[in-house]
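Peer 1: Let me begin by handing over the structure; questions about it come next.
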Amino acid sequence: MPALSDATRGRLLFGGDYNPEQWPESVWRQDIRLMREAGVNVVTVGVFSWATLEPRPGARDFGWLDRVLDGLGEAGIGVCLATPTASPPPWLGARHPETLPRDEHGSVVWYGSRNQFCASSPVYRAHAARITTDLARRYGDHEALRLWHINNEYGTACWCDETAAHFRRWLRARYGDLDALNTAWGTAFWSQRYDAWDEIIPPRRAQYLVNPTQALDFRRFTSDALLECFVAERDIVAAHSPEIPVTTNQMPLFAGLDGWRWAAEQDVVSVDCYPDPAVDWRDPEGPAHGALVADLTRSQARGPWLLMEQAASAVNFRAVNAPKPPGVLRQWSLQAVARGSDGVCFFQWRASRQGSEKYHSAMLPHAGPASRGFARVRELGADLARLAGLVGEPVRGARIAVLHDWSAWWASQQPGRPSSLVDYRRLLAGWHHALWRRNLTCDLAHPEADLGGYRMVVAPHLPLLGDTALAHLVDFVHGGGTLVCGFATGVTDADDRVRPGGLAPELRALLGLSTVHEWWPLPAGATLALDDGTRAELWSEDVEVADAEPLARYAEGELAGRPAVTRSRRGAGTAWYLTTLPQPEALAALLARAAEAAGVGPVLPGLPEGVEAVRRGPALFLLNHTTEPVTVPLPSPRTDLLTGRAHPRELTLAGRGAAVLTPTE
Ligand code: GLA
Numbered sequence: 001m002p003a004l005s006d007a008t009r010g011r012l013l014f015g016g017d018y019n020p021e022q023w024p025e026s027v028w029r030q031d032i033r034l035m036r037e038a039g040v041n042v043v044t045v046g047v048f049s050w051a052t053l054e055p056r057p058g059a060r061d062f063g064w065l066d067r068v069l070d071g072l073g074e075a076g077i078g079v080c081l082a083t084p085t086a087s088p089p090p091w092l093g094a095r096h097p098e099t100l101p102r103d104e105h106g107s108v109v110w111y112g113s114r115n116q117f118c119a120s121s122p123v124y125r126a127h128a129a130r131i132t133t134d135l136a137r138r139y140g141d142h143e144a145l146r147l148w149h150i151n152n153e154y155g156t157a158c159w160c161d162e163t164a165a166h167f168r169r170w171l172r173a174r175y176g177d178l179d180a181l182n183t184a185w186g187t188a189f190w191s192q193r194y195d196a197w198d199e200i201i202p203p204r205r206a207q208y209l210v211n212p213t214q215a216l217d218f219r220r221f222t223s224d225a226l227l228e229c230f231v232a233e234r235d236i237v238a239a240h241s242p243e244i245p246v247t248t249n250q251m252p253l254f255a256g257l258d259g260w261r262w263a264a265e266q267d268v269v270s271v272d273c274y275p276d277p278a279v280d281w282r283d284p285e286g287p288a289h290g291a292l293v294a295d296l297t298r299s300q301a302r303g304p305w306l307l308m309e310q311a312a313s314a315v316n317f318r319a320v321n322a323p324k325p326p327g328v329l330r331q332w333s334l335q336a337v338a339r340g341s342d343g344v345c346f347f348q349w350r351a352s353r354q355g356s357e358k359y360h361s362a363m364l365p366h367a368g369p370a371s372r373g374f375a376r377v378r379e380l381g382a383d384l385a386r387l388a389g390l391v392g393e394p395v396r397g398a399r400i401a402v403l404h405d406w407s408a409w410w411a412s413q414q415p416g417r418p419s420s421l422v423d424y425r426r427l428l429a430g431w432h433h434a435l436w437r438r439n440l441t442c443d444l445a446h447p448e449a450d451l452g453g454y455r456m457v458v459a460p461h462l463p464l465l466g467d468t469a470l471a472h473l474v475d476f477v478h479g480g481g482t483l484v485c486g487f488a489t490g491v492t493d494a495d496d497r498v499r500p501g502g503l504a505p506e507l508r509a510l511l512g513l514s515t516v517h518e519w520w521p522l523p524a525g526a527t528l529a530l531d532d533g534t535r536a537e538l539w540s541e542d543v544e545v546a547d548a549e550p551l552a553r554y555a556e557g558e559l560a561g562r563p564a565v566t567r568s569r570r571g572a573g574t575a576w577y578l579t580t581l582p583q584p585e586a587l588a589a590l591l592a593r594a595a596e597a598a599g600v601g602p603v604l605p606g607l608p609e610g611v612e613a614v615r616r617g618p619a620l621f622l623l624n625h626t627t628e629p630v631t632v633p634l635p636s637p638r639t640d641l642l643t644g645r646a647h648p649r650e651l652t653l654a655g656r657g658a659a660v661l662t663p664t665e
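Pasting the structure below:
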């Protein structure tokens with residue numbers, strides 16, 4: 001099977017989406033000259049060019065793409081060639097309205113933007129297969145081709161009749177017979193029993209809350225339906241160029257697709273990383289988001305991955321779109337490489353003059369080649385060239401796994417739960433952030449994955465936990481591992497059915513609890529004091545310990561005196577339970593304490609706050625996310641790959657400065 005190394009060929013990939021169809025050919029020559037000047041070695045072509053390639057049904061206009069690919073090839077720039085199927089031309093929707101998605105209300109989602117296709121539509125799929133086949137035939141052996149890029153940011157859900165039929169087929173394969181479905185969905189509740197398959201529909205707009213397991217299965221189905229589209233196109237291109245790896249750029253921390261299942265179908269796992277909408281570029285904690293996206297993507301890829309898109313500076317989808325301050329682009333790019341990316345790519349090469357993203361930054365901004373923005377891009381290209389020796393190297397030292405499961409995420413997003421303030425993504429990010437700020441390197445893992453390589457496993461929020469996952473966690477602890485569970489772990493099974501007693505019996509035994517009497521979610525903004533001097537928020541639980549040791553108790557409120565944090569020893573291991581959400585500093589301290597007891601320490605001890613440290617291959621990355629200089633003592637003499645300078649004992653990093661250190665020869 002082809003791999004990322006077939007695309008990188010010993011260099012960190014550097015480039016971006018290239019949309020030459022938006023420009024006259026005279027501009028293309030300048031593009032190629034400037035790309036070479038900046039050290040660009042790959043560009044993604046054709047992402048949104050379906051209407052240019054196939055201006056009317058069956059017509060083909062490949063001449064321009066021939067010239068683009070030939071020009072890039074002659075200049076030594078590799079091509080990541082996209083199938084254009086994310087944005088069908090208007091003629092497809094106009095002639096075949098059944099290819100257009102419908103929302104929960106049954107309203108058509110029209111063309112005139114992008115991503116307007118129904119994944120279940122055989123007509124869409126047939127047209128997508130045709131254009132993909134022709135592209136693969138024509139360019140499958142082009143010398144510039146390095147990587148196939150299928151579609152773009154899959155994610156459109158649809159509730160139409162074609163989808164309903166497809167959903168029923170998917171359900172038949174999952175459940176076999178209707179009784180099993182009725183049992184799994186708990187249709188005895190509210191008279192929802194199905195008597196024939198044809199009665200089943202996607203969870204459309206209804207009078208009140210829809211069946212939660214129907215909704216959960218629909219999320220699973222939607223992810224699988226889109227994955228079928230990916231696989232179909234992947235197989236077409238792979239048949240024509242078996243030696244070229246295939247990817248699709250996923251959205252970061254996107255709820256819509258089960259990233260574990262998707263990663264298993266790709267040669268290369270790639271992601272688009274844009275800042276969390278809440279993050280200010282200047283916030284030294286801001287890069288925590290990039291670290292999480294990188295760690296998740298690396299874990300999905302089980303090794304090197306590819307940062308397919310990021311912004312050179314401002315984006316255009318926040319309320320106020322400020323540019324990246326100097327140094328931020330470099331820091332965040334190096335962070336991706338530190339955490340396992342074999343490239344740094346952008347949306348997009350040249351800023352568009354028209355269209356919805358004309359105010360989105362680009363490698364080559366509107367201000368042109370003499371701009372500061374382009375100078376930063378050139379400098380970044382030079383930095384990445386110096387790090388070529390790290391291509392393919394693994395990230396080292398991840399002894400902690402953060403458990404993450406899309407089914408748990410989907411279950412937690414449903415209405416009718418104890419607290420609508422519980423936000424899965426915020427909890428996942430909050431726990432990861434707590435580890436990140438202490439430089440405790442971690443992977444993410446599905447709860448059913450093999451956890452054998454980890455000393456500590458943390459479960460920020462897995463209210464839904466299947467039987468296999470439960471068994472894994474029990475084995476992990478008995479085998480000597482440390483497990484730290486967030487509140488409400490394991491309340492429901494894989495069908496989102498509440499387990500007897502409100503907590504899986506295996507988990508109750510593991511955690512040393514006898515009863516969870518009640519959940520006491522907290523109002524927005526409320527906090528509770530614990531008797532260890534910390535404060536907690538969002539949630540509390542009235543639990544009864546069997547033989548667990550309470551490490552902290554509630555110091556106020558209805559649960560004053562009741563256990564808040566517990567620890568139990570089981571077999572050779574330890575299981576912690578947090579009945580609440582400690583505030584960020586307290587959570588970081590608690591996880592660091594559990595890690596230390598598990599024999600897991602930070603990448604470098606004693607680093608000042610705001611300095612990120614990661615080991616990749618032989619290199620130690622140090623990233624100072626603060627704006628003040630910091631001095632870092634080094635365990636042994638090191639040389640900075642970025643500057644060539646030797647540092648015998650210590651190193652001073654400027655504000656927003658970075659170093660990539662290898663042992664001095
Ligand atoms: C996504 C898309 C790109 C572009 C960028 C803008 O990542 O894949 O086409 O819209 O967002 O940030």
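Quick note on UniProt numbering: the sequence shown kicks off at 1 and runs consecutively.
Heads up, the beta-carbon is just placed ideally off N, CA and C, and yes, glycines get one too.
Computed from a predicted model, the values in this text were never measured in an experiment.
#1: Would the beta-carbon of Val-268 fall within 7 Å of that of Leu-307?
#2: Taking the alpha-carbon of Arg-168 as reference, which of Pro-304, Phe-218, Arg-130, Thr-297 has the nearest alpha-carbon?
#3: For Asn-249, name the three-state secondary structure that DSSP assigns.
#4: Leaving out five residues before and five after Val-498 in sequence, what residues of the same chain have Cβ atoms less than 7 Å from its Cβ?
#5: Which full runs of the beta strand (DSSP E) of 3+ residues lie inside the region 102 to 158, going along the chain?
#6: Am I right that Ser-407 and Ala-494 are in contact with their C-beta atoms under 8 Å? What's the rounded C-beta distance?
#7: Among Pro-89, Gln-214, Leu-135, Asp-195, which has the Cα closest to the Cα of Ala-184?
#8: Can you name the start and end residues of the beta strand (DSSP E) that Ala-401 belongs to?
#9: Where does the unbroken alpha helix (DSSP H) through Arg-219 begin, and where does it stop?
#10: How would you label Met-1, buried or exposed, when you count the other beta carbons within 10 angstroms and need 16 or more for buried?
#11: Just confirm the distance between the C-beta atoms of Gly-16 and Thr-44, as a whole number of angstroms; I'd bet it's less than 8 Å.
#12: Can you say whether Ala-654 is buried or exposed, counting buried as having 16 or more other CB atoms within 10 angstroms of its CB?
#13: Kindly examine the ligand GLA and report whether one of its heavy atoms sits closer than 6 Å to the Cβ of Asp-272.
#14: Excluding the 5 residues flanking Leu-257 on each side, which residues of the same chain have their C-beta closer than 7 Å to its C-beta?
#15: Check whether the Cβ atoms of Leu-440 and Ile-400 lie closer than 7 Å to each other.
#16: Going by DSSP, what residue range makes up the alpha helix (DSSP H) through Thr-183?
#17: Is Glu-309 close to the ligand GLA? I mean its beta-carbon at under 6 Å from any heavy atom of the ligand.
#18: Which whole-angstrom value is the C-beta distance of Ala-86 and Asn-115, which I expect to be below 8 Å?
#19: Could you give the DSSP three-state label for Met-1: helix, strand or coil?
#20: Could you spell out the range, first to last residue, of the alpha helix (DSSP H) harbouring Tyr-638?
#21: Using a Cβ-based criterion (distance less than 6 Å to any ligand heavy atom), does Phe-230 qualify as near the ligand GLA?
#22: May I ask you to list the residues that DSSP assigns as paired with Ala-443?
#23: Taking DSSP as the reference, what is the three-state secondary structure of Asp-542?
#24: Sort Pro-275, Pro-415, Gly-657 by Cα distance to Leu-334 and report the nearest one.
#25: Between the region 58 to 75 and the region 103 to 119, do three or more beta carbon pairs fall short of 8 Å?
#26: Please find out if some non-hydrogen atom of the ligand GLA comes closer than 6 Å to the beta-carbon of Asn-152.
#27: Return the chain-ordered ranges of every beta strand (DSSP E) run that is complete within the region 304 to 358 and spans a minimum of 3 residues.
#28: Classify Tyr-454 as helix, strand or coil using the three-state DSSP reduction.
#29: If you measure from the CB of Val-315, is any heavy atom of the ligand GLA nearer than 6 Å?
#30: Among Ala-82, Asp-280, Glu-199, which has the Cα closest to the Cα of Thr-247?
#31: Can you say whether Val-320 is buried or exposed, counting buried as having 16 or more other CB atoms within 10 angstroms of its CB?
#32: Can you confirm whether the region 129 to 142 touches the region 169 to 181 when touching is taken to mean that 3 or more C-beta pairs between the two stretches lie within less than 8 Å?
#33: Spatial neighbours of Pro-521 within its chain, please: CB distance less than 8 Å, with the 5 preceding and 5 following residues excluded, ordered by chain position.
#34: Compute the distance between the beta-carbons of Leu-145 and Ile-244, then report whether it is under 7 Å.
#35: Compute the distance between the beta-carbons of His-240 and Ala-336, then report whether it is under 7 Å.
#36: Find out if the Cβ-Cβ distance for the pair Met-456, Val-293 is shorter than 7 Å.
Peer 2: With the given structure in hand:
#1: 7 Å or more divides the Cβ of Val-268 from the Cβ of Leu-307.
#2: Arg-168 has its Cα closest to that of Phe-218, out of Pro-304, Phe-218, Arg-130, Thr-297.
#3: Look at Asn-249 here: in three-state DSSP terms it is strand.
#4: Taken in chain order, the residues that qualify are Val-491, Thr-492.
#5: Taken in chain order, the whole beta strand (DSSP E) runs of length 3 or more contained in the region 102 to 158 are 145 to 149.
#6: Ser-407 to Ala-494, Cβ: 7 Å. Contact.
#7: Comparing Cα-Cα distances from Ala-184 to each of Pro-89, Gln-214, Leu-135, Asp-195, the minimum goes to Gln-214.
#8: Unbroken beta strand (DSSP E) run through Ala-401: 400 to 403.
#9: In the DSSP assignment, Arg-219 falls within the unbroken alpha helix (DSSP H) covering 212 to 240.
#10: By the 16-neighbour rule on beta-carbons within 10 angstroms, Met-1 is exposed.
#11: That belief holds up - the Cβ atoms of Gly-16 and Thr-44 are roughly 7 Å apart, short of 8 Å.
#12: It counts as exposed.
#13: Of the heavy atoms belonging to the ligand GLA, at least one sits nearer than 6 Å to the Cβ of Asp-272.
#14: Here the set comprises Tyr-154, Gly-155, Ser-223, Leu-226, Gln-250.
#15: Cβ distance < 7 Å, so Leu-440 and Ile-400 count as in contact.
#16: Element bounds for Thr-183: 178 to 185.
#17: True, at least one ligand heavy atom lies under 6 Å from that Cβ.
#18: Their Cβ separation, rounded to whole angstroms, is 6 Å, which keeps Ala-86 and Asn-115 in contact under 8 Å.
#19: For Met-1, the three-state secondary structure derived from DSSP is coil.
#20: With the sequence shown as reference, residue 638 is identified as Arg, and Tyr is not the correct amino acid for it. In the DSSP annotation of this structure, Arg-638 is not part of any alpha helix (DSSP H); the continuous beta strand (DSSP E) holding it starts and ends at 638 to 640.
#21: The closest heavy atom of the ligand GLA lies 6 Å or more from the beta carbon of Phe-230.
#22: Position check: residue 443 holds Asp in this sequence, whereas Ala was assumed. In the DSSP output, where bridge partners are listed per residue, Asp-443 has Ala-401.
#23: Here Asp-542 carries a strand assignment [DSSP, helix/strand/coil].
#24: Looking from the CA of Leu-334, the closest CA among Pro-275, Pro-415, Gly-657 belongs to Gly-657.
#25: Counting C-beta pairs closer than 8 Å gives fewer than three between the region 58 to 75 and the region 103 to 119, which falls short of the contact rule.
#26: Asn-152 Cβ: within cutoff of the ligand GLA.
#27: Runs found: 305 to 309, 341 to 346.
#28: Here DSSP, grouped into helix, strand and coil, assigns Tyr-454 to coil.
#29: True, at least one ligand heavy atom lies under 6 Å from that Cβ.
#30: The alpha carbon of Thr-247 has as its nearest neighbour, out of Ala-82, Asp-280, Glu-199, the alpha carbon of Ala-82.
#31: Counting of Cβ neighbours within 10 angstroms places Val-320 among the exposed residues, the total staying below 16.
#32: Counting Cβ pairs under 8 Å, fewer than three are found: no touch.
#33: Spatial neighbours of Pro-521 in its own chain (CB-CB distance under 8 Å, excluding positions within 5 residues in sequence) are listed in chain order as Pro-418, Ser-419, Leu-421, Val-422, Leu-538, Trp-539, Ser-540.
#34: Against a cut-off of 7 Å, the Cβ pair of Ile-244 and Leu-145 comes out as a contact.
#35: Ala-336 sits away from His-240, with the two beta carbons spaced by 7 Å or more.
#36: 7 Å or more divides the Cβ of Met-456 from the Cβ of Val-293.
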